[in-house]
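Notes follow once the structure below has been shown.
Chains as they are written, first to last, in our numbering: chain E, 83 to 677; chain H, 83 to 677.
Listed below in structure tokens is the structure:
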């Protein structure tokens, strides 16, 4: 038994952190930097550090925790929504490269087991790669983004299940029918047990703990570790790989099992421990096992596998995407976006190497394939979506959409009228009369206390993209935006802050829930509500002749000594969005304000 | 290199969890259960599991993270406050058993190195052991509790420093003067560098990250891991043990370096990962290395060391405590309370065993000593504090004291008048006139928005024990108690909840900041404020003839159809506390209410 090697660990952690941070600066996922730095400082290039028991064991523990975390982040409800298009992309983007990868390996003399492993590795889609790139390309609200995320999820799940089946047969080395049936039986037993556990036993444990008022987060963390390692071991016992058990455990740890806040906290801790500590050790040491010789000895196979990865993924997606009727060009964009490989691929390749199914050369090729395909994503995705944009075929789609507005006062209704032209708008008000009035004017209004989760559930807060708080009470506005942020994850929150008292603390709270202020830095709503109530106002529409920050726009009005309340900005296609303080008005966009 | 052993890990985690949970049920710290379950399922008894690379490496990583966490929890400001008495208890409680332990070992034929190791192990005081027992014995607000905590902290720090010096000499095997000077030089260099790093470089890194608006918690976690492992390795390089570097790294990670919320979050994660995951592996496997033979072969030495541990710790504390003028009986209580040994002792004993300085027999004796002394704490501490109580010598002392009251309305002033008889009372009100009025009546009042941290800082919120929120606005009350909880860590928060609207969400928030409601479940304050304003009320004092829950008391009044507002409960010594809904009224205590 080797002892604990702090120096080795420190160097690898430092390298992982440096490599990850550098690569993230240029918009790539950390894993890419971790793999590259592993190749550089490890045996392949500089030989500065080598593997050790410490690294191996922390890395393996890290992979299990990472798979659990990936499972936790998968939301089957989201998958359901993406349905058709996402499923098509996922299946096409998996099956075609899988088949091509298999044939490339077997035709070049590899075993069929190696072929299957390479096929899975080539078929996998990286999920982590996506989100940052989508933000950078400003694609988050497009249909492509949604299909991409759903597609990657389905593809990963698919890959893991196929991998599970595959690995169990490898271990058993089964050839005759009775052995195969036994393996299938064991797999069914495992999935049956873990599903029963996840759907029936786990929620009961959660209820019992809630009833016992167990609030200690560490207790939940330890419990979930036990579940993750337990299902992981169970998977191993039936001949599946441990990562699958961990993944399934993660999938079942969802809202509803424990209190939302606890689930959120624990997910964070799993993220910190895996992504922030142990998993990078795995990816850096994966770089250690690469051999650079493949560029000379196996250049043909390298090019073939990378080529198959590109062509298979992109063409497969384009072809299978056709029945979605979203157009082959969108399919192409989805394909280029799904072309990255990431954590799951490296984990699977690592297992293949460890079990001796693939050679060090093939492992190296798969690592380089991951690096090259991931590098291609921003380039190709930028190109393909720009093409769509130019043709006007970049379809917007929100998974969450519309405005949930707190306060149904006359001013809020006026704003709501504008926004409802293109978007769903729902009001919440604690005053029954005011709510009735809103309904009378044709709006949807939920009557109830905003601080009561039940009210927000009744208003289906989880489906909204934007929350607007327009009461005259800063504290209610703040508390409400905190609640919709923490419990309903509404991504955009714009709230009115009245200049009634000093608001130092409020601004901190505002930042902590990443909300921003509506209309202006501070606005005294009361007079405007009165004006709209009395119909004593005038709506003015001005077109901006240059790009200008909303902040500047407001300042300009002040300098003209005009007291105006900017309501909405109208973009060139006529869609209105609320006027908020940290936005900017593009050239030719209009501002509608009231005086 | 051995591979990763999920089954082994799972069994140990499960055992640790079970052992810890069971022992906690009867009021003992988890570590005791973890040690015992290790002895039971490991080689000493059942031989059900053995150690493995996986366990060794996760355990060692766990010890480093645990020491960092222990360092994080040490607040030198708190130490400063405890000053004289705590220092006396710590020094006496360390030096005397240290010396006795050393002589027992050397006189019975052990090496002087082994003697020094045993001395440290016997001298150490367990910190983790304390808090739960203090709560159970309802001692949290006594001077003893404060001296105990400070004493344990100082004792641990002392032990670690002596251990550091000791271990560096052991490794070097130094005999001549120049070698000794070299070692001392290196140690000074290490402490110089780590202090400079902690005091100058780390805060600058914090400022830089704050300026860059880095809010990602995982980034901070990774950074702190690097610092912990980095200083740990540096300590090893100069010949000290790694745990010392980790401890020092933890000490420097304090409020002010990073944003309070980030420090709090990261401390939580370190706690979860060490106490909830890896450190229990260390304690269970420590049990593995115990041999039960010592009860036969070395019973004399076992009894001698345990005897020395008891006598040395308790007598040493009593004697050294005399100059504090707090009385020898209080010294005895402090001594019995400091008699537990815990994590630090087992860690040091484990290092001694690993380096071959102490034999497996002595290691076993030290483990049993930890178990026996820890078992004694609740028993002896209950006895000694009851004795003090009976003699009326149990002195109360708060590190935080007094009431910070939000809202200076007439009712709040009336309540404040009662509470100020024995306690510091400070009001906060956003209305300048109301605040002036309070000052006019002789109260201390800070004018400002409660949601502004600056206001709370001005009121020195960090020094208060209890926060009362008495505005008529539920949301402000809730938001304020959240702020004082999260940022100023005020332990007790009682707030008024008005029955204005449904309060489902509010109750959740109430629980999440562990606040409870004042006066009753819900109270409409407005009429009571009006009554006190108009001096149109009558104060009534009733003595309770039996123990009754406040909840029941309120119900009784309702059933009598009386509309009263219970203000304070007066205990038998005349001290008043606010009437809250989850308290209970002892026999002979009085309730003052208004009608």
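In this text, a Cβ means the ideal position worked out from N, Cα and C, and glycines have one as well.
Checking contacts by CB at 7 Å: is residue i closer than that to chain E?
i: residue 574/H; result: no
i: residue 659/H; result: no
i: residue 88/H; result: yes
i: residue 584/H; result: Since pLDDT at residue 584/H reaches only 45, below the 50 mark, its modelled position is unreliable, and the value read off the structure follows with that caveat. Closer than 7 Å to some Cβ of chain E, the Cβ of residue 584/H qualifies, so yes.
i: residue 139/H; result: yes
i: residue 124/H; result: no
i: residue 155/H; result: no
i: residue 587/H; result: Unreliable placement is indicated for residue 587/H, whose pLDDT of 47 sits below 50; the coordinate value is still reported in the next sentence. So, interface residue.
i: residue 249/H; result: no
i: residue 550/H; result: no
i: residue 211/H; result: At residue 211/H, the pLDDT of 47 sits below 50, so the modelled position is not reliable; the number obtained from the coordinates is stated separately. No, residue 211/H does not count as interfacial toward chain E.
In three-state DSSP terms, what is residue i?
i: residue 42/H; result: Residue numbering for chain H in the displayed model covers 83 to 677; residue 42/H lies beyond these limits and cannot be assessed.
i: residue 503/E; result: coil
i: residue 212/E; result: Bear in mind that a pLDDT of 49 at residue 212/E, under 50, signals an unreliable position, so the number given afterwards is only what the model happens to contain. Of the three classes helix, strand and coil, the one that applies to residue 212/E here is helix, per DSSP.
i: residue 108/E; result: coil
i: residue 649/H; result: strand
i: residue 666/E; result: strand
i: residue 586/E; result: Because the pLDDT of residue 586/E is 43, which lies under 50, any placement of that residue in the model is unreliable, and the number read from its coordinates should be weighed accordingly. Residue 586/E falls in the helix class under three-state DSSP.
i: residue 323/H; result: coil
i: residue 509/E; result: strand
i: residue 485/H; result: strand
i: residue 573/E; result: coil
In chain order, what residues of the same chain have a beta carbon less than 8 Å from the beta carbon of residue i, not counting five sequence neighbours either side?
i: residue 374/H; result: 121, 126, 127 and 446
i: residue 379/E; result: 443
By Cβ distance, which residues of its chain are closer than 7 Å to residue i, with the 5 residues on each side in sequence left out?
i: residue 398/H; result: 174, 175, 177, 178 and 179
i: residue 186/H; result: 386, 387 and 390
i: residue 441/E; result: none
i: residue 521/E; result: 527
i: residue 352/H; result: 147, 150, 151 and 154
Taking Cβ positions, are residue i and residue j nearer each other than 7 Å?
i: residue 123/E; j: residue 115/E; result: no
i: residue 266/E; j: residue 302/E; result: no
i: residue 492/H; j: residue 614/H; result: yes
i: residue 170/E; j: residue 402/E; result: yes
i: residue 579/E; j: residue 604/E; result: yes
i: residue 498/E; j: residue 510/E; result: no
i: residue 549/H; j: residue 528/H; result: no
i: residue 64/H; j: residue 600/H; result: Residue 64/H is absent from the structure shown; chain H starts at 83 and stops at 677.
i: residue 482/E; j: residue 570/E; result: no
Kindly say whether residue i, judged by its beta-carbon, lies nearer than 7 Å to any beta-carbon of chain H.
i: residue 290/E; result: no
i: residue 312/E; result: yes
i: residue 406/E; result: no
i: residue 130/E; result: no
i: residue 199/E; result: no
i: residue 127/E; result: no
i: residue 135/E; result: yes
i: residue 540/E; result: no
i: residue 54/E; result: Look at the range of chain E in this structure, 83 to 677, and you will see that residue 54/E is not part of it.
i: residue 607/E; result: no
i: residue 412/E; result: no
With a threshold of 6 Å on Cβ separation, who are the neighbours of residue i within its own chain once the five nearest residues in sequence on each side are excluded?
i: residue 140/E; result: 360 and 363
Please list, in chain order, the residues of the region 343-364 of chain E that have any C-beta partner in chain H closer than 9 Å. 343, 347, 348, 350, 351, 353, 354, 355, 357, 358, 359 and 362
Near-chain H residues of the region 553-566 of chain E - C-beta to any C-beta below 9 Å: 555, 556, 557, 558, 560, 561, 562, 564 and 565
What residues in the region 301-331 of chain E have a beta carbon less than 8 Å from any beta carbon of chain H? 301, 303, 304, 305, 307, 308, 311, 312, 314, 315, 318 and 324
Select from the region 165-178 of chain H all residues with a C-beta closer than 7 Å to any C-beta belonging to chain E, and list them in chain order. none
Below 7 Å between beta carbons is the criterion; list the residues of the region 623-643 of chain H that meet it against any residue of chain E, in chain order. none
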